[in-house]
Amino acid sequence: MVARDDLEHGQARVNDTKLHYVTAGDGPPLVLCHGWPQTWYEWRDVIPSLADDYTVIAPDLRGLGDSATPTSGYDKDTVATDVRELVAHLGFGDDRIALVGHDWGMPTAYAYAAQYRDEVRALCVLEAGLPGINEDGKKKLWHTRFHGVRDLPERLVAGRERLYLDWFYKEGAYDPSAIDDAARDEYVRCYSQAGGLRGGFEYYRAYETDAEHNRAHAEDPLELPVLALGGAASFRELPIRDMEAVATDVEGEVVDRAGHWIPEERPAYFVDRLTTFLDDAA
1 MVARDDLEHG
11 QARVNDTKLH
21 YVTAGDGPPL
31 VLCHGWPQTW
41 YEWRDVIPSL
51 ADDYTVIAPD
61 LRGLGDSATP
71 TSGYDKDTVA
81 TDVRELVAHL
91 GFGDDRIALV
101 GHDWGMPTAY
111 AYAAQYRDEV
121 RALCVLEAGL
131 PGINEDGKKK
141 LWHTRFHGVR
151 DLPERLVAGR
161 ERLYLDWFYK
171 EGAYDPSAID
181 DAARDEYVRC
191 YSQAGGLRGG
201 FEYYRAYETD
211 AEHNRAHAED
221 PLELPVLALG
231 GAASFRELPI
241 RDMEAVATDV
251 EGEVVDRAGH
261 WIPEERPAYF
271 VDRLTTFLDD
281 AA
């Protein structure tokens with residue numbers, strides 16, 4: 001098994017921005033797209049096991065982690081294209097990838113699969129919904145509305161990043177200890193960097209554009225295998241409902257003893273469930 005300290009870090013200029021990424025393992029490509037307020041580091045406990053069978057690619061998405069923070073391009077069609085160009089840069093442009101997305105990584109992964117259908121063999125999504133699909137109050141979530149306000153959240157949160165982000169790690173969890181102090185330190189380091197807060201909030205500010213894109217993509221449902229997982233203490237069936245509205249081959253599960261942070265709260269479960277799904281989808 002690959003040790004966490006043996007993960008390879010790199011940077012690539014793709015789609016007019018610069019992405020930091022982590023790779024590990026050897027085999028068919030498996031791309032992991034993180035969410036907010038996290039970075040590639042949310043996959044730290046699952047990458048070593050997944051790397052036994054796959055070449056794992058875990059980027060910091062545009063504007064997040066140690067990737068560059070451009071002023072635009074935060075709609076998920078564009079973020080997905082960033083990731084696609086990274087996959088090609090790493091030598092897998094001719095491969096059909098397996099793709100995982102958590103939180104904002106979910107609509108990013110969906111946008112990838114919807115735009116580049118012949119290049120994705122299987123899709124797993126965790127703990128989020130799709131803007132524009134089954135709209136039933138998603139945008140009324142307090143933080144979705146707050147983060148969508150131009151400039152104000154940055155001014156109010158700056159200097160208080162640890163206090164603010166800690167609230168989400170605790171409130172979104174079944175087991176708050178799953179995101180330990182070291183992980184929180186790493187996330188806060190990234191979101192405290194110049195542009196770090198803005199990069200994260202821009203994902204929310206692209207909501208209406210994402211909704212328009214998703215409705216257009218949904219007119220031609222995905223036919224590839226999809227696994228949708230929701231935490232029992234968080235989104236529950238929402239990811240399943242949304243994927244069933246945009247894809248024809250969906251299996252879903254509500255994950256016991258997990259909140260929003262499934263790869264950190266239930267890493268062994270997640271590895272087993274994902275690899276079983278990918279084996280069946282082969």
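Throughout the sequence shown, residue numbering follows UniProt numbering, covering 1 to 282 in sequence.
The C-beta atom is built at its ideal place from N, Cα and C for all residues, glycine as well.
Outcome for residue i when other beta-carbon atoms lying within 10 angstroms are tallied against a minimum of 16
| i | result |
| --- | --- |
| ASN134 | exposed |
| GLU208 | exposed |
| ALA194 | exposed |
| GLU127 | buried |
| ARG198 | buried |
| GLU161 | buried |
| GLN11 | exposed |
| LEU32 | buried |
| HIS9 | exposed |
| VAL56 | buried |
| ASP6 | exposed |
| MET216 | As written in the sequence, residue 216 is Ala, which differs from the Met given in the question. ALA216 should be labelled exposed. |
| THR69 | buried |
| THR276 | exposed |
| LYS140 | exposed |
| SER49 | buried |
| TRP167 | exposed |
| ARG155 | exposed |
| ALA182 | exposed |
| LEU19 | buried |
| GLY200 | buried |
| GLY231 | buried |
Cβ distance (whole Å) where residue i is taken to contact residue j below 8 Å
| i | j | result |
| --- | --- | --- |
| ALA258 | TYR174 | 5 Å |
| TYR21 | ALA58 | 7 Å |
| PRO225 | ALA281 | 4 Å |
| VAL149 | HIS89 | About 35 Å separates the two Cβ atoms, so there is no contact after all. |
| LEU130 | ASN214 | 5 Å |
| THR17 | ARG84 | That belief does not hold up - the Cβ atoms of THR17 and ARG84 are roughly 13 Å apart, past 8 Å. |
| ASP60 | ASP53 | Not a contact, Cβ separation roughly 23 Å. |
Proximity below 9 Å, CB of residue i to CB of residue j
| i | j | result |
| --- | --- | --- |
| ARG273 | LEU227 | yes |
| ILE179 | TYR187 | yes |
| VAL120 | ARG145 | no |
| LEU99 | LEU30 | yes |
| GLY172 | SER72 | no |
| HIS34 | ILE262 | no |
| ILE47 | GLY27 | no |
| LEU229 | PRO37 | no |
| PHE64 | THR39 | Sequence inspection shows Leu at residue 64; the Phe mentioned does not correspond to that position. Cβ atoms of LEU64 and THR39: closer than 9 Å. |
| ALA218 | GLY137 | no |
| TYR203 | HIS143 | no |
| GLU237 | VAL250 | no |
| ASP220 | LYS76 | no |
| ARG117 | LEU222 | yes |
| ALA51 | ALA80 | no |
Helix, strand or coil at residue i according to DSSP, with G and I counted as helix
| i | result |
| --- | --- |
| residue 283 | For the chain, the structure presents residues 1 to 282; residue 283 sits outside this window and is missing. |
| ILE133 | coil |
| TYR110 | helix |
| HIS9 | strand |
| residue 291 | Any question about residue 291 goes unanswered here, given that the chain covers just 1 to 282. |
| ASP282 | The sequence given here has Ala at residue 282, not Asp. Note: ALA282 maps to coil in three-state DSSP. |
| VAL14 | strand |
| VAL149 | coil |
| HIS213 | helix |
| LEU274 | helix |
| ALA24 | strand |
| GLY196 | helix |
| ALA218 | helix |
| ARG121 | strand |
| GLU127 | coil |
| ALA88 | helix |
| GLY35 | coil |
| LEU141 | coil |
| GLY105 | helix |
CB contact below 9 Å: residue i versus chain C
| i | result |
| --- | --- |
| LEU141 | Looking for chain C here will not work: only one protein chain is present. |
Residue i Cβ short of 8 Å to the ligand SAM heavy atom set
| i | result |
| --- | --- |
| LEU30 | The model depicted lacks the ligand SAM and carries no ligand whatsoever. |
So within the region 165 to 191, which uninterrupted alpha helix (DSSP H) runs reach at least 4 residues, ignoring any that extend past its ends?
As far as the region 165 to 191 is concerned, it has no whole alpha helix (DSSP H) run of at least 4 residues.
Length at least 4, wholly inside the region 40 to 81: the alpha helix (DSSP H) runs in chain order:
47 to 50
May I have a chain-ordered list of the beta strand (DSSP E) segments no shorter than 3 residues that lie completely inside the region 226 to 251?
226 to 231
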